[in-house]
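Peer 1: Those sequence lines, one after another, are chains S and X. Under our numbering, the first residue of the first sequence carries the number 520, and numbering increases by one thereafter. Under our numbering, the first residue of the second sequence carries the number 68, and numbering increases by one thereafter. Glycine included, C-beta positions come from ideal geometry on N, C-alpha and C. The structure displayed is predicted, hence computed values, not measured ones. Take this structure, written in structure tokens, and hold onto it; I'll ask about it next.
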Amino acid sequence: MRVSFALGLALTLAALAAALLSLVWTPYDTATLAIAEKLRPPSDAHWLGTDHFGRDIASLLMAGAKTSIAVALVAVGIGIGAGVPLGLLAAATRGSLADEVVMRGNDLVFAFPSLVIAILITAVFGPSATNAIIAIGIFNIPVFARVTRGGALSLWTLDFIRAAEVAGKGRVRISIEHILPNVLNLLIVQGTIQFSLGILAEAGLSYVGLGAQPPTPSWGRMLAEAQTMVTLAPHVAIFPGLAIVLTVLGLNLLGDGLRDHLDPRSRRAA
Amino acid sequence: MLRYLLGRLVSLALSLVAASLVIFAVIEIVPGDPASYMLGLNASADTVAALRHRLGLNEALPLRYLHWIAGMATGDFGQSYTYKVPVADLVAQRLAVSLPLALYALLMAVLIAFPAGLLAAARRGRSADAAVMGATQIGIALPNFWFAMLLVLAFALHWQLFPAGGFPGWGDPLAGIRALTLPAVALALPQAAILARVLRSALIETLGQDYIRTARAKGLTVGQTMLRHALRNAMIPVLTIMGMQFSFLLAGAIIIENVFNLPGLGRLIFQAITQRDLIVVESVVMILVFAVILMTFLVDLAYAAIDPRLRKRA
Chain S
520 MRVSFALGLA LTLAALAAAL LSLVWTPYDT ATLAIAEKLR PPSDAHWLGT DHFGRDIASL
580 LMAGAKTSIA VALVAVGIGI GAGVPLGLLA AATRGSLADE VVMRGNDLVF AFPSLVIAIL
640 ITAVFGPSAT NAIIAIGIFN IPVFARVTRG GALSLWTLDF IRAAEVAGKG RVRISIEHIL
700 PNVLNLLIVQ GTIQFSLGIL AEAGLSYVGL GAQPPTPSWG RMLAEAQTMV TLAPHVAIFP
760 GLAIVLTVLG LNLLGDGLRD HLDPRSRRAA
Chain X
68 MLRYLLGRLV SLALSLVAAS LVIFAVIEIV PGDPASYMLG LNASADTVAA LRHRLGLNEA
128 LPLRYLHWIA GMATGDFGQS YTYKVPVADL VAQRLAVSLP LALYALLMAV LIAFPAGLLA
188 AARRGRSADA AVMGATQIGI ALPNFWFAML LVLAFALHWQ LFPAGGFPGW GDPLAGIRAL
248 TLPAVALALP QAAILARVLR SALIETLGQD YIRTARAKGL TVGQTMLRHA LRNAMIPVLT
308 IMGMQFSFLL AGAIIIENVF NLPGLGRLIF QAITQRDLIV VESVVMILVF AVILMTFLVD
368 LAYAAIDPRL RKRA
């Protein structure tokens, strides 16, 4: 499993590096059109070829990585920011009305696949990268709430938590000082998984036009634009897809590796 | 069992009410007035007033919600603003494509995932296991719409075995199934990868139990033990995932329908969004969410059927 972890780390770092580098430098400008150069296959000048506007695909992929990663990262942030406190609250007040409300609220959000949330938001506010973030973020909230609650519930039965209670610490303080650090491992692993799902979701939403709008570069929209030209110039459709697959694969392998590393129980089970 | 069933039914009803309230509220917070939103900027005040009247927008909010719900319960979803036909008819036509597609994909996912998961669990730690697990990692990372484009490139344009898009209707069932085959494969493969992984780890978990050793000790072969004892006990997590996957398949179908130009719910909802036909958006979203909630309910019932212990706990 060591090899797959290293591969995951390398792929993830490569995607991150491409996104960060695109902030200061891309091989070609992604906003300049060069129609004379359109749909060129991969060459020395354009390693991955050019698109229907003559833009360098490698440069577009780098800039698209920035969009994908930013959307998925903020969506994970929303999920953690709202879901973790809710999960801690539900576990600390197990069986109470608050717990019930949090859990049923979670069930309710699960009934709306993120694409459906996105459709609702877009129908009302119009499509944008921000709305894609909100849609994916809302879907992440119950995921993190559930993971936090599950991890926290088993901790609340342990002796060291009882000891803290006896010492006079309140439930809020115990949740923050003792429960949270101990569910952190679970959150890191889940965060990696939701991050990769976020990248897939962003690509899907942008592909159907509900995500990032032109001129924001986006892997999903590159694929949507490539669709009509797929017979003429297959490379236009193949490279953005490969970028998505490799990034998501990298994050998933990284997440699996982290879980094996952080959770000794799964090392035996897997 | 009856008490369990009643409990689940009450929770099904509550979920539906909660979901419908959310959808209704979201459509209600459309900036400004839904009628003027639907008609666009250039509509005259008279037209807006007429549409407001037709949509019943002059009624009180709770009353409108009740009308909407009562209408849906009786199969009256209102009238589409752009198509001028009952939404129920539109939805019924589109469901005739989307539902078979989702079921076809689910069937395909099961047909791929079960042999793969069983093989990986039986050959745990050996090369067959590693090959299956590696393949599933790639399957999970595949965006289904991109995979769909690759399928079209290979099987529709290069080898011309299947149509690249469109749907001929169910007049000729065989042609219908052919048109849905590539979309179903595209939808099914990523889900099959997830399902195979879940099945494998559930099987490995049960294979470590004492009753498996007992079954082997009384002379059953590995295959018999696997199918009769391990698989049945591994079904609980597998069913959970399958229930969740059905909703992913329905929602995912929205995207795949766009790749293949299939006249399903997905295309209907996108057309409705661009034409600002909120009644259609509202109803189709409600139907999708209804399907998800109903599926969760059915999965709960299936649990109880498989594991009698769960009936008592509820």
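1. In whole angstroms, give me the CA-to-CA distance for S/Asn659 and X/Lys285.
2. When you compare the CB of S/Ala533 with every CB in chain X, is at least one pair closer than 7 angstroms?
3. Does the beta-carbon of X/Thr341 have 16 or more other beta-carbons within 10 angstroms, so that it is buried, or is it exposed?
4. Can you name, in chain order, every residue of its own chain whose Cβ lies under 6 angstroms from the Cβ of X/Leu79, other than the five neighbours on each side?
5. Have a look at X/Ala246 and S/Ala642 and give me their C-alpha separation to the nearest angstrom.
6. How big is the Cα-Cα spacing for S/Arg668 and S/Gly606?
7. What residues in the segment 765-785 of chain S bring their beta carbon closer than 9 angstroms to a beta carbon of chain X?
8. S/Leu634 versus chain X: which residues are under 8 angstroms apart at the beta carbon?
9. Take S/Trp566 and list the residues in its own chain whose beta-carbon comes closer than 7 angstroms to its own, dropping the five residues that flank it on each side.
10. Under 7 angstroms, Cβ to Cβ, is there at least one residue of chain S near X/Ala127?
11. Could you tell me whether any non-hydrogen atom of the ligand PLP is closer than 6 angstroms to the CB of X/Ala110?
12. Cβ of S/Thr750 less than 7 angstroms from any chain X Cβ?
13. For S/Thr569, which residues of its own chain have a beta-carbon under 8 angstroms away from its beta-carbon, when the five flanking residues on both sides are left out?
14. Using a C-beta cutoff of 7 angstroms, does X/Met216 count as contacting chain S?
15. Using DSSP with H/G/I as helix, E/B as strand and the rest coil, what is X/Gln146?
16. Using a Cβ-Cβ cut-off of 6 angstroms (strictly less than) and excluding sequence neighbours within five positions of X/Arg264, which residues of its own chain qualify?
17. Taking C-beta to C-beta, are S/Val764 and X/Ala208 nearer than 7 angstroms?
18. List, in chain order, every chain X residue whose beta-carbon is nearer than 7 angstroms to that of S/Pro753.
19. Look at the alpha carbon of X/Leu178 and the alpha carbon of X/Ala255, and state the distance between them as a whole number of angstroms.
20. Would you kindly check if the distance between the Cβ of X/Glu349 and the Cβ of X/Ile136 is under 7 angstroms?
21. I want to see whether chain X comes within less than 7 angstroms of S/Phe524, judged by CB atoms only; does it?
22. Against chain X, which members of the segment 720-741 of chain S pass a CB distance test of less than 7 angstroms?
23. Rounded to the nearest angstrom, what separates X/Leu266 and S/Leu724 at their Cα positions?
24. Pull up the distance between the alpha-carbon of X/Ile96 and that of X/Leu166, whole angstroms please.
25. Kindly list the residues whose CB is nearer than 8 angstroms to the CB of X/Ile90, restricted to its own chain and excluding five residues on each side of it in sequence; keep chain order.
26. Could you pull the DSSP bridge partners for S/Asp481 from this structure?
27. Is the beta carbon of S/Pro694 sitting closer than 7 angstroms to the one on S/Ala601?
28. Give the straight-line distance between the Cα atoms of S/Ala525 and S/Leu608, rounded to the nearest whole angstrom.
29. With three or more C-beta pairs closer than 8 angstroms as the rule, is the segment 732-748 of chain S touching the segment 670-677 of chain S?
30. May I ask you to list, following chain order, the residues of the segment 200-214 of chain X that have a beta carbon less than 7 angstroms from some beta carbon of chain S?
31. Taking Cβ to Cβ, would you say S/Thr766 is nearer than 7 angstroms to S/Ala582?
32. Which first and last residues belong to the alpha helix (DSSP H) in which X/Gln338 is found?
33. Using DSSP with H/G/I as helix, E/B as strand and the rest coil, what is X/Gly74?
34. Cutting at 6 angstroms between CB atoms, please list the residues of its own chain near S/Ala789, excluding the five before and the five after it.
35. In whole angstroms, give me the CA-to-CA distance for X/Leu306 and X/Ile373.
36. Under three-state DSSP, which class holds X/Pro230?
Peer 2: In this structure, then:
1. Using only the alpha carbons, I get a separation of about 48 angstroms.
2. no
3. Classification of X/Thr341: exposed, given that the 10 Å Cβ count is below 16.
4. Phe364
5. 30 angstroms
6. For S/Arg668 and S/Gly606, the distance between alpha carbons rounds to 4 angstroms.
7. So the list reads Leu765, Thr766, Val767, Leu768, Gly769, Leu770, Asn771, Leu772, Asp775, given in the order they occur along the chain.
8. Ala318, Gly319, Ile321, Ile322
9. Counting only Cβ-Cβ distances below 7 angstroms, and skipping sequence neighbours, we find Ala577.
10. no
11. Absent from the structure shown: the ligand PLP. Ligands present: none.
12. yes
13. A distance below 8 angstroms between beta-carbons, with the five flanking residues on each side excluded, links S/Thr569 to the following residues of its chain, in chain order: Ala553, Glu556, Lys557, Leu558, Arg559, Asp575, Ile576.
14. yes
15. strand
16. Annotation for X/Arg264: Thr203 place their beta carbon closer than 6 angstroms to its own, counting only its chain and skipping 5 residues before and after.
17. Yes.
18. Leu220
19. 10 angstroms
20. no
21. no
22. Ala722, Gly723, Tyr726, Val727
23. 29 angstroms
24. 30 angstroms
25. Within the same chain, Cβ atoms closer than 8 angstroms to the Cβ of X/Ile90 are found at Glu349, Val352, Met353, Val356, the five residues on either side in sequence being excluded.
26. Residue 481 of chain S lies beyond the range of chain S shown here (520 to 789); nothing can be said about it.
27. The amino acid occupying residue 694 of chain S in the given sequence is Ser; Pro does not appear at that position. For S/Ser694 and S/Ala601, no; Cβs fall outside 7 angstroms.
28. One C-alpha to the other measures close to 37 angstroms.
29. no
30. Gln204, Ile205, Ile207, Ala208, Leu209, Pro210, Phe212, Trp213
31. Taking 7 angstroms as the Cβ cut-off, S/Thr766 and S/Ala582 do not qualify as a contacting pair.
32. 332-341
33. helix
34. Residue confidence is low: S/Ala789 scores 40 on pLDDT, short of 50, so the model does not pin down where it sits. No coordinate-derived value is stated.
35. 10 angstroms
36. coil
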